[in-house]
Amino acid sequence: MHPINELKQLREQMIEQLTQIPEYQALKAMERFIGELSNIYEGANAPAQNEASLHKATVAALDSRHKNDVSSGSPRVTPYIPAHRVA
1 MHPINELKQL
11 REQMIEQLTQ
21 IPEYQALKAM
31 ERFIGELSNI
41 YEGANAPAQN
51 EASLHKATVA
61 ALDSRHKNDV
71 SSGSPRVTPY
81 IPAHRVA
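Going by full-length UniProt numbering, the final residue of the sequence shown carries number 87, and the count climbs one at a time with no gaps.
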């Protein structure tokens, strides 16, 4: 049991020394910043997935409408007649 207590004390001393090093402090600050950004973007990803399914539904609806328009056979654009030209 005695070596375990010594290891715990050694670990605490190492942590205390590490927290005094500027590079370690910068590394920990960067890790916190990346974690916060990850949380923000993970929360933003959920609506994006809903938007993707909405986009697929819209494309499917437009495709079906386009197929119906093509199959109807009636032209939607009036042909160009030179006499109708506006001066």
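No residue lacks a Cβ here, since even glycine has one placed at the ideal position from N, Cα and C.
DSSP places Thr78 outside any alpha helix (DSSP H), giving it a letter other than H or E.
In the three-state scheme derived from DSSP, where H, G and I count as helix and E and B as strand, Ile15 is classed as helix. Counting only the Cα atoms, Ala44 lies some 50 Å from Tyr80.
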